[in-house]
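**Student:** If you read the protein sequences in the order shown, they are chains A and B.
The working numbering puts the first sequence at residues 1 to 344.
The working numbering puts the second sequence at residues 1 to 344.
Beta carbons: idealized from backbone N, C-alpha and C, even for Gly.
Please find one structure pasted underneath; my questions will follow.
There are 2 protein chains.
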Amino acid sequence: MLVLAQQDSLIIEQLGEDLADVEARFAEELRSDLECVNDLAAHIERYRGKMLRPTLVLVSALACPKEDGEAASTSDAHRIIATVAEMVHMATLVHDDILDDAEIRRRGKTINNLTTNETAVMLGDYLISHAYHLCSSLPDAELARMIAFATNTVCEGELYQLHNRGNFALSESAYFEIIRRKTASLCGMCCKLAGYINGVDEAVCETLYGYGEKLGIAFQIVDDVLDLTGDEQTVGKSLGRDLEKSKLTLPLIHYRETSSAEDAAKMVEVLKRLSNPELDVAEREKHVGQIAIDLREHASVEYARDVASKLIEEAKESIIACLPKSAAQELMLSMADAVLSRDF
Amino acid sequence: MLVLAQQDSLIIEQLGEDLADVEARFAEELRSDLECVNDLAAHIERYRGKMLRPTLVLVSALACPKEDGEAASTSDAHRIIATVAEMVHMATLVHDDILDDAEIRRRGKTINNLTTNETAVMLGDYLISHAYHLCSSLPDAELARMIAFATNTVCEGELYQLHNRGNFALSESAYFEIIRRKTASLCGMCCKLAGYINGVDEAVCETLYGYGEKLGIAFQIVDDVLDLTGDEQTVGKSLGRDLEKSKLTLPLIHYRETSSAEDAAKMVEVLKRLSNPELDVAEREKHVGQIAIDLREHASVEYARDVASKLIEEAKESIIACLPKSAAQELMLSMADAVLSRDF
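Listed below in structure tokens is the structure:
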């Protein structure tokens with residue numbers, strides 16, 4: 001979870017309690033009368049991460065005043081929506097682990113601790129189904145409608161990204177469209193729904209959406225940069241996976257657009273070579289390392305980080321302009337910064 | 001779609017119009033601003049089948065009287081639930097096409113016209129997400145809750161089945177538990193929700209659920225029998241797929257339980273051989289053909305068909321006892337028979 005210094009300790013305590021409640025609801029919702037299903041659900045624990053989405057719901061709830069002017073607080077509805085958002089996010093992680101034939105040949109089953117692709121598909125479906133089941137325990141169908149709208153958009157983003165695999169001419173605007181949909185739409189919706197539940201007016205809801213969306217885009221940019229230049233130990237997964245999958249991300253697009261035609265063509269050649277599943281590990285690592293060096297030297301990594309920073313600044317300004325000053329508002333600002341420093 | 005002779009022509013006309021409306025809503029709901037998503041959604045057409053689930057919703061709606069004693073009719077809510085049920089079903093079909101590594105090696109990509117496993121996963125998710133999005137356009141969250149309860153159960157059934165792959169000692173009761181969940185729960189819910197929307201009392205809702213559930217179980221038994229003994233042309237897919245996947249179905253369980261210990265052991269040996277992805281096609285076909293002969297000679301196919309017939313009789317009796325005589329009730333009885341003769 002987020003490490004935040006110097007925040008109001010009451011808020012931090014409240015948030016900790018709420019997140020523990022979210023974890024309990026998560027486990028409770030997934031419980032089955034079939035033991036084999038419970039065993040699989042236990043696997044999901046290994047996907048449990050930074051709880052970014054639930055935290056966005058809860059902190060937004062605390063930061064925006066209620067309709068009747070009462071002090072902001074979190075409600076059962078917030079904790080349910082927070083659980084639903086985490087469940088949907090976990091489902092996308094489980095489904096992201098589904099392998100293609102080329103990858104299966106290359107990686108064997110090491111990447112996938114679950115028994116088979118088919119089991120991973122069904123386990124992800126089980127999560128999605130339970131997310132909606134839990135969401136529909138709230139009597140206002142509009143909440144489920146908005147969550148589903150966000151997940152429609154997430155799926156579109158994923159499909160758009162798959163469609164653009166191997167498209168080495170991917171434009172910057174198409175890249176932003178992909179990550180806005182696949183990552184940022186759910187983050188935006190988490191913040192918006194917190195406000196909606198508190199009954200704040202539509203303009204505030206939209207500002208909250210914008211804050212979450214910008215955080216989500218920045219988060220994904222940083223994630224993509226780490227895949228290229230991070231430290232495997234810190235990132236916790238093998239690097240260069242986007243390169244292997246011929247997924248162009250912001251630093252590469254910047255490099256292609258701003259380097260000489262010759263250098264750009266050379267980069268594309270290397271990317272094509274990396275997409276070959278038969279490539280041996282040593283050569284793969286050499287290429288990935290060289291790309292990281294080229295991107296740094298060309299300031300393409302810096303460019304991507306700057307774009308992310310600018311989005312974070314905008315997100316923070318919008319919250320300062322729109323919400324009353326409070327410890328929770330401070331927390332929203334700190335969360336935004338944490339996306340950049342990757343304390344999340 | 002269902003071919004029914006001698007039914008009240010007004011009912012048939014109504015049903016035809018409603019099903020056309022369901023198809024239109026289905027296409028409308030999936031429309032995206034991204035062309036690549038629309039192209040993929042067009043692939044889904046090839047999965048469009050007999051519209052069993054939407055038909056169950058609509059016919060149940062017409063057969064059970066409304067709370068206020070008015071003549072039964074279908075409403076927008078029925079047509080929406082019918083569309084949602086078809087969308088969920090299509091998602092399971094798309095996800096059933098996800099391949100495992102062994103299968104990929106054996107079949108190449110012929111079985112999967114979509115580009116990759118990953119695209120099939122996301123396209124299925126897109127369908128599920130839109131199903132809930134559409135469902136939540138109805139203000140009563142309880143409808144989405146009940147649909148999600150059914151899809152929770154479907155996923156459990158699929159996971160339970162995957163868990164039991166290669167379990168050649170699978171009991172008859174475990175087999176029924178699998179198909180009750182993976183196939184029959186959604187069919188049951190389709191019928192129940194039609195009554196719920198019409199405001200009929202809970203006992204009638206449960207009878208409707210039972211009718212749909214029994215139809216679903218019978219449907220799956222017949223489907224499993226056809227995989228063993230059907231005609232490839234008629235069934236429209238290659239036979240023996242359950243055998244290759246080491247999925248035991250009712251005729252095999254009956255054979256194992258009622259034949260000599262020696263014959264049962266021999267059958268298990270053949271099943272183990274069939275699960276080998278390296279087995280050549282000629283040998284595979286020889287084994288599948290021999291199993292079909294053994295099952296017929298041992299009356300195991302007849303046994304499975306008898307179980308399905310008995311369920312259909314029970315389903316029909318429950319409807320005759322519970323609902324007023326009407327053309328729609330007649331249609332429910334004909335639908336039950338159609339499951340056996342596989343006009344569906």
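Suppose the cutoff is 8 Å on Cβ atoms and the five residues either side in sequence are ignored; what does the same chain contact list for residue 253 of chain B look like?
**Tutor:** Leaving aside the five residues that flank residue 253 of chain B on each side, the residues in its chain whose CB is nearer than 8 Å to its CB run, in chain order, 170, 171, 172 and 175.
**Student:** From the DSSP secondary-structure annotation, give me the bridge partner or partners of residue 140 of chain A.
**Tutor:** In the DSSP output, where bridge partners are listed per residue, residue 140 of chain A has B:140.
**Student:** Below 8 Å CB to CB, which residues in the same chain sit around residue 341 of chain A once its five sequence neighbours on both sides are set aside?
**Tutor:** none
**Student:** In this structure, how does DSSP classify residue 247 of chain B when only helix, strand and coil are distinguished?
**Tutor:** coil
**Student:** Taking the runs of the beta strand (DSSP E) that are 3 residues or longer, which of them lie wholly in the stretch 153-218 of chain B?
**Tutor:** none
**Student:** Which stretch, first to last residue, makes up the alpha helix (DSSP H) that contains residue 369 of chain B?
**Tutor:** Chain B is shown from 1 up to 344; residue 369 of chain B falls before or after that span and cannot be answered.
**Student:** By alpha-carbon positions, which one of A:165, A:292 and A:158 ends up nearest to residue 180 of chain A?
**Tutor:** A:158
**Student:** Return the residue from the list B:190, B:248 and B:156 that minimises the CA-CA distance to residue 165 of chain B.
**Tutor:** When each option's Cα is compared against that of residue 165 of chain B, the closest is B:248.
**Student:** Does the stretch 23-38 of chain B come close enough to the stretch 123-142 of chain B to have 3 or more Cβ pairs within less than 8 Å?
**Tutor:** yes
**Student:** Within 10 Å of its beta-carbon, does residue 167 of chain A have 16 or more other beta-carbons around it, so buried, or fewer, so exposed?
**Tutor:** A residue is called buried once 16 or more other Cβ atoms fall within 10 Å of its Cβ, and residue 167 of chain A, having fewer, is exposed.
**Student:** Taking only the alpha-carbon atoms, compute the straight-line gap between residue 306 of chain B and residue 225 of chain B and give it to the nearest angstrom.
**Tutor:** 12 Å
**Student:** Closer than 7 Å between beta carbons: that is the criterion. Which residues of the stretch 130-155 of chain A meet it against chain B?
**Tutor:** 130, 132, 133, 136, 137, 138, 139, 140, 141, 144, 145, 148, 149, 151, 152 and 155
**Student:** Please list the residues of the stretch 30-46 of chain A that have a C-beta atom closer than 7 Å to any C-beta atom in chain B, keeping them in chain order.
**Tutor:** From the stretch 30-46 of chain A, only 32, 34, 36, 37 and 40 have a Cβ closer than 7 Å to chain B.
**Student:** Using a Cβ-Cβ cut-off of less than 7 Å, give me the residues of the stretch 152-178 of chain A that come near chain B, in sequence order.
**Tutor:** 152, 155, 156, 158, 159, 160, 162 and 163
**Student:** CA-CA distance, residue 267 of chain A and residue 122 of chain B?
**Tutor:** Whole-angstrom Cα-Cα distance: 29 Å.
**Student:** Who are the neighbours of residue 189 of chain A on chain B, taking C-beta pairs under 7 Å?
**Tutor:** Here the premise fails: no neighbours, minimum Cβ distance about 12 Å.
**Student:** Just to make sure I have the definition right: I need the residues of chain A whose C-beta is within less than 8 Å of the C-beta of residue 122 of chain B. Which are they?
**Tutor:** 95, 155, 158, 159 and 162
**Student:** So what does DSSP say about residue 98 of chain A, is it helix, strand or coil?
**Tutor:** Three-state DSSP puts residue 98 of chain A in coil, outside helix and strand.
**Student:** State the DSSP-derived secondary structure class of residue 278 of chain A, mapped to helix, strand or coil.
**Tutor:** coil
**Student:** Could you tell me if residue 316 of chain A is buried or exposed, where buried requires 16 or more neighbouring beta carbons within 10 angstroms of its beta carbon?
**Tutor:** By the Cβ-count criterion, residue 316 of chain A is buried, with 16 or more other Cβ atoms from all chains shown falling within 10 Å of its own Cβ.
**Student:** Within 8 Å (strictly less), CB to CB, does residue 119 of chain B reach chain A?
**Tutor:** Yes - at least one Cβ of chain A is within 8 Å of the one on residue 119 of chain B.
**Student:** Distance check for residue 147 of chain A and residue 296 of chain A, CA to CA, integer angstroms please.
**Tutor:** 38 Å
**Student:** Considering just the uninterrupted stretch of the alpha helix (DSSP H) at residue 48 of chain B, what are its terminal residues?
**Tutor:** No alpha helix (DSSP H) contains residue 48 of chain B, which DSSP labels as neither H nor E.
**Student:** Based on Cα-Cα distance, which residue from A:339, A:185 and A:241 lies nearest to residue 219 of chain A?
**Tutor:** Distances from the alpha-carbon of residue 219 of chain A to those of A:339, A:185 and A:241 put A:339 closest.
**Student:** By alpha-carbon positions, which one of A:95, A:48, A:64 and A:72 ends up nearest to residue 347 of chain A?
**Tutor:** What is shown of chain A runs 1 to 344, which leaves residue 347 of chain A out entirely.
**Student:** With DSSP collapsed to three states, give me the class of residue 124 of chain B.
**Tutor:** helix
**Student:** Please decide whether residue 11 of chain A counts as near chain B, where near means a Cβ-Cβ distance under 8 Å.
**Tutor:** no
**Student:** Which chain A residues sit within Cβ distance under 8 Å of residue 126 of chain B?
**Tutor:** Chain A residues near residue 126 of chain B: 152, 155, 156 and 159.
**Student:** Would residue 156 of chain B be called buried (16 or more neighbouring beta carbons within 10 Å of its own) or exposed?
**Tutor:** buried
**Student:** Below 7 Å CB to CB, which residues in the same chain sit around residue 75 of chain B once its five sequence neighbours on both sides are set aside?
**Tutor:** Answer for residue 75 of chain B: 197, listed in chain order.
**Student:** Answer with yes or no whether the minimum CB distance from residue 98 of chain A to chain B is below 8 Å.
**Tutor:** yes
**Student:** Under a Cβ-count criterion, where at least 16 other Cβ atoms within 10 Å of its own Cβ denotes burial, should residue 381 of chain B be classed as buried or exposed?
**Tutor:** The shown model of chain B, from 1 to 344, leaves out residue 381 of chain B, and the question about it has no answer.
**Student:** Is DSSP giving residue 110 of chain B helix, strand or coil here?
**Tutor:** Caution applies to residue 110 of chain B, whose pLDDT of 41 falls short of 50 and renders its modelled position unreliable; the model cannot decide the point.
**Student:** Is the beta carbon of residue 84 of chain A sitting closer than 8 Å to the one on residue 36 of chain A?
**Tutor:** no
**Student:** Using only the alpha-carbon positions, how far apart do residue 90 of chain B and residue 137 of chain A sit?
**Tutor:** 25 Å
**Student:** Report yes or no: do the stretch 209-216 of chain B and the stretch 288-295 of chain B share at least 3 C-beta pairs separated by less than 8 Å?
**Tutor:** Contact between the stretch 209-216 of chain B and the stretch 288-295 of chain B is not established, with fewer than three Cβ pairs separated by less than 8 Å.
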